[in-house]
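Read the structure below first, then the notes.
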Amino acid sequence: GAVVSQHPSRVICKSGTSVKIECRSLDFQATTMFWYRQFPKQSLMLMATSNEGSKATYEQGVEKDKFLINHASLTLSTLTVTSAHPEDSSFYICSAYGTLSYNEQFFGPGTRLTVL
Amino acid sequence: AQSVAQPEDQVNVAEGNPLTVKCTYSVSGNPYLFWYVQYPNRGLQFLLKYITGDNLVKGSYGFEAEFNKSQTSFHLKKPSALVSDSALYFCAVRDNDYKLSFGAGTTVTVRA
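In the order they appear, the protein sequences are chains S and X.
All letters in the first sequence, in the order written, are residues 18 to 133 by this note's numbering.
All letters in the second sequence, in the order written, are residues 1270 to 1381 by this note's numbering.
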């Protein structure tokens, strides 16, 4: 149990386009999902907290108009990188917790975004 | 604010030898501590957690960690390392909003 998927696993896009990344909890209801960003060989940086049916809470320094987060259901959260630029290239990871365990976050496999 | 520190960027050990990855924490109140492992281009895999109870926590893949309140440490250990344990390891602490703060990570290399 406790599987979190992300789609796509890799995406390459042109500068100025928007990219949507999906995060799904496959076998439990995720009341809360988190979005992280990770640069090569660095730690995870929390970008935002996403609660089902409400607006996401962004960490300081994260542009909410650039990184749009929608948590439309208890099993799906999406991160849209709007007007992507090369500096947005990174590894994006989501995590979720909810009905399966409130003591543990379950992580998705990550999405590698490359903006040309 | 809650935080963890991993003082070593890299740890190198020979296969079959004990492996220790260090982590110290700074929290107000009771600590909720976690260890995760990450393989290249993959998400994080949960290894173990300390919420309360026994100071020695046993986790996945033969790993264990010892919670030491007086030294504010939560070191990850494995008695006999495998080459397949080579990966990036993260210590993390959870706050009351369930947010995790991660250490900088420690790259473990186990040589055959």
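By construction, the Cβ of each residue, glycine as well, lies at the ideal position given by its N, Cα and C atoms.
All figures in this text were calculated on a predicted structure; none of them were measured in a lab.
- Contact between S/TYR114 and S/THR66 does not hold, since their C-beta atoms are separated by about 11 angstroms, which reaches or exceeds 8 angstroms.
- With a threshold of 16 other beta carbon atoms within 10 Å, S/GLN46 falls short and is exposed.
- Of all residues in the segment 1358-1372 of chain X, only PHE1359, ALA1361, ARG1363, ASP1366, TYR1367, LYS1368, LEU1369, SER1370, PHE1371, GLY1372 place a beta-carbon less than 9 angstroms from a beta-carbon of chain S.
- Taking C-beta separations shorter than 6 angstroms and ignoring five residues to either side along the sequence, the partners of S/ARG129 in its chain run ARG27, PHE108, following chain order.
- Counting along the chain, the unbroken beta strand (DSSP E) around X/TYR1294 starts and ends at 1293-1295.
- In this model, S/SER71 and S/HIS88 are separated by some 7 angstroms (Cα to Cα).
- Taking a Cβ-Cβ threshold of 8 angstroms, none of the residues of chain S is close to X/LEU1317; the smallest such distance is about 10 angstroms.
- Annotated as proximal: X/GLN1307 and X/LEU1313, with beta-carbon spacing under 8 angstroms.
- In the pairwise beta carbon analysis, the segment 1279-1292 of chain X is classified as touching the segment 1350-1366 of chain X: at least three pairs are separated by under 8 angstroms.
- In the three-state reduction of the DSSP assignment, S/GLY115 falls in the strand class, which pools E and B.
- Under the 8 angstroms criterion on CB atoms, S/GLN46 is classed as non-interfacial with respect to chain X.
- For S/SER94, the uninterrupted beta strand (DSSP E) segment begins and ends at 93-98.
- By the Cβ-count criterion, X/LYS1327 is exposed, with fewer than 16 other Cβ atoms from all chains shown falling within 10 Å of its own Cβ.
- Shown here, S/GLU104 sits in a helix according to DSSP, grouped into three states.
- Taking 8 angstroms as the cut-off, the Cβ atoms of X/ALA1356 and X/PHE1343 do not count as close.
- The three-state secondary structure of X/TYR1367, taken from DSSP, is coil.
- By the C-beta density criterion, S/SER94 is buried, having at least 16 other C-beta atoms within 10 angstroms.
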